[in-house]
């Protein structure tokens with residue numbers, strides 16, 4: 605084992621100890637690693653902005669609870685990106701503006717999980733707090749447990765899958781993202797409506813269940829929530845004009 | 010932004026370590042509120058203390074010769090009064106019977122001085138500047154007690170001064186800290202001014218604190234009074250409210266401002282962010298959760 609400025613190499617896994625390194629140093633070290641690398645991030649102690657802005661397909665295991673914006677801005681346009689796993693819970697805005705790659709949170713996520721994400725996959729094994737998937741622009745967000753109020757607020761594209769119950773104002777001011785809920789829905793937000801599950805929806809959900817491993821979710825038990833398309837002025841009939 | 014902290018100790022053996030546990034919590038939230046801070050600590054007094062003495066915490070926005078003030082107040086307060094001095098203020102133990110006399114002398118001779126808080130068990134410290142520096146300067150780590158509430162302030166609605174800093178103590182042993190902003194506070198303040206309530210600052214959070222105390226005066230319990238604040242005060246808030254034997258936390262309907270609670274058999278801790286809880290003993294085994302919007306959570310000693 606070699607130790608250099610808080611960076612250790614253990615077999616083929618790079619060990620980053622957050623107690624030894626500032627947040628910028630952690631992110632710089634991660635960015636310097638070649639694709640295919642494996643990293644164990646120790647003692648995060650709820651620190652913000654860990655593992656942000658990474659384009660390469662490295663594997664990161666966060667050993668503890670992380671703060672805000674974990675994995676934000678990661679990935680590339682083609683959907684590739686790092687594979688991040690958190691053995692704990694995360695603060696606000698996990699995977700904010702995610703472009704590609706995968707983030708798996710073993711615990712729960714605080715507010716605004718996957719905010720404005722354009723691609724990639726976010727799997728929350730616990731619950732997600734308010735406004736999960738706010739302004740989602742693509743990619744997929746799967747929550748094994750419950751989702752808080754205003755989940756999917758103004759989401760434009762992409763998919764949100766909720767294995768538990770959804771809080772109030774689900775899908776408020778929704779654009780063209782799809783939301784699937786297995787449990788109860790406390791209330792729908794403005795212009796959110798219950799839609800029929802099509803064969804395509806079942807395919808999408810089956811793939812998300814496979815990827816997430818949330819096999820308590822059964823496509824036939826899901827309720828689909830989509831936009832009523834009354835609140836915004838786009839019309840799919842005018843698609844060619846946009 | 011702003012950071013809020015509350016720490017209620019259930020395990021009496023932790024009481025000598027209250028300050029030591031509190032300081033890292035405040036330091037973790039330093040950057041959420043770098044312009045000023047305030048700390049209130051509740052500690053048990055000897056049951057045999059006679060006559061019963063009240064603890065007065067004084068502060069001011071102008072320079073004050075605190076020792077001269079202390080000596081001047083000792084002249085009118087009965088013997089046995091104790092003085093603990095710190096930078097922007099003073100904590101003074103005064104027999105309850107002498108309280109009115111002390112207040113009269115303060116008003117007559119030290120008009121720039123305000124009572125930051127009054128309580129049987131309570132001392133309050135406020136100062137401008139980085140919260141981390143304030144903790145170090147006044148040796149907060151050595152303070153003991155069973156309950157603490159603290160605030161790191163990033164001012165949005167009013168000036169950065171000692172008297173604008175939280176916690177606000179609108180009644181004996183009642184403290185309020187606030188992360189957020191109220192939009193209708195001028196309206197509520199006019200109502201309170203008409204009802205004879207006096208203010209020490211033009212801070213929006215002080216309005217919420219004094220409205221809460223106003224409701225308690227009408228006979229509401231703490232939870233009812235807190236519900237009135239939610240009903241009448243328009244804005245964003247995470248509030249931590251403490252009394253001599255209770256700690257409450259409440260968030261607005263949209264949960265615009267963060268809050269995390271950690272609960273063990275030894276303590277209940279609330280903070281704006283988890284990283285402020287990360288150094289607490291036994292945190293890995295604690296029940297950690299976010300308070301739901303518009304739900305009043307209350308813990309007793």
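Protein chains in written order, with my numbering: chain A, 605 to 846; chain B, 10 to 310. The C-beta atom is built at its ideal place from N, Cα and C for all residues, glycine as well. These figures come from a predicted structure and were not determined experimentally.
{"Asked": "Closest by C-alpha distance to residue 784/A, when choosing among 715/A, 820/A, 746/A, 754/A", "Found": "746/A"}
{"Asked": "Inter-residue Cα distance where the pair is residue 232/B and residue 252/B", "Found": "12 Å"}
{"Asked": "CB contact check: residue 702/A to chain B, cutoff 7 Å", "Found": "no"}
{"Asked": "CB contact check: residue 628/A to chain B, cutoff 7 Å", "Found": "no"}
{"Asked": "Residue 827/A in three-state terms, based on DSSP", "Found": "strand"}
{"Asked": "Selection of the segment 265 to 282 of chain B by Cβ proximity to chain A, strictly under 9 Å", "Found": "267, 269, 282"}
{"Asked": "Cα-Cα separation between residue 607/A and residue 663/A, rounded to whole angstroms", "Found": "Low confidence applies here, because residue 607/A scores a pLDDT of 48, under 50, leaving its location unreliable; read the following figure in that light. C-alpha separation (whole angstroms): 20 Å."}
{"Asked": "Which of helix, strand or coil DSSP assigns to residue 151/B", "Found": "helix"}
{"Asked": "Euclidean distance between Cα positions of residue 74/B and residue 631/A", "Found": "50 Å"}
{"Asked": "is_contact[residue 793/A, chain B] using C-beta, thresh 7 Å", "Found": "no"}
{"Asked": "Cβ of residue 219/B within 7 Å of any chain A Cβ", "Found": "no"}
{"Asked": "Status (buried if at least 16 other CB within 10 Å, exposed otherwise) for residue 104/B", "Found": "buried"}
{"Asked": "Span separating the alpha-carbon of residue 605/A from that of residue 639/A", "Found": "Low per-residue confidence applies at residue 605/A: pLDDT is 42, beneath 50, and the placement is therefore not dependable, though the value from the model is reported in the following sentence. For residue 605/A and residue 639/A, the distance between alpha carbons rounds to 21 Å."}
{"Asked": "Terminal residues of the alpha helix (DSSP H) in which residue 325/B lies", "Found": "This structure does not reach residue 325/B, given that chain B is present from 10 up to 310, and the question cannot be answered."}
{"Asked": "Burial state of residue 729/A, where buried means 16 or more other Cβ atoms lie within 10 Å", "Found": "buried"}
{"Asked": "Residues near residue 176/B in its chain [Cβ-Cβ closer than 7 Å; skip 5 each side]", "Found": "47, 49, 133, 158, 160, 184, 185, 186"}
{"Asked": "Buried versus exposed call for residue 841/A [16 or more other C-beta atoms within 10 Å across all chains shown]", "Found": "exposed"}
{"Asked": "Cut-off 8 Å between Cβ atoms - residues of its own chain near residue 622/A, not counting five sequence neighbours on either side", "Found": "630, 645, 646, 647, 648, 649, 651, 654"}
{"Asked": "Distance CB(residue 738/A)-CB(residue 707/A) smaller than 7 Å", "Found": "no"}
{"Asked": "Coarse secondary structure for residue 144/B, derived from DSSP in three states", "Found": "helix"}
{"Asked": "Under 7 Å by beta carbon: chain B residues contacting residue 717/A", "Found": "What residue 717/A touches in chain B: nothing, since even the nearest Cβ is about 13 Å away."}
{"Asked": "Interfacial residues, the segment 647 to 669 of chain A to chain B, with Cβ spacing under 8 Å", "Found": "649, 650, 651, 652, 669"}
{"Asked": "Under 7 Å between C-beta atoms of residue 308/B and residue 269/B", "Found": "no"}
{"Asked": "Spatial neighbours of residue 731/A in its chain, beta-carbon cut-off 6 Å, leaving aside the 5 residues before and after", "Found": "712, 749, 750"}
{"Asked": "Interface flag, residue 287/B vs chain A, CB-CB below 7 Å", "Found": "yes"}
{"Asked": "DSSP three-state assignment for residue 179/B, whether helix, strand or coil", "Found": "strand"}
{"Asked": "Cutoff 7 Å: residue 299/B Cβ touching any chain E Cβ", "Found": "Absent from the structure: chain E. Protein chains present are A and B."}
{"Asked": "Simplified DSSP assignment, three categories, for residue 817/A", "Found": "coil"}
{"Asked": "7 Å Cβ cutoff met for residue 771/A and residue 759/A", "Found": "no"}
{"Asked": "Exposed unless 16 or more other CB atoms sit within 10 angstroms - verdict on residue 818/A", "Found": "buried"}
{"Asked": "Three-state secondary structure assigned by DSSP to residue 804/A", "Found": "helix"}
{"Asked": "is_contact[residue 733/A, chain B] using C-beta, thresh 7 Å", "Found": "yes"}
{"Asked": "Contact test: residue 180/B Cβ vs the ligand COA heavy atom, cutoff 6 Å", "Found": "Among the components modelled here there is no ligand, and therefore nothing to report on the ligand COA."}
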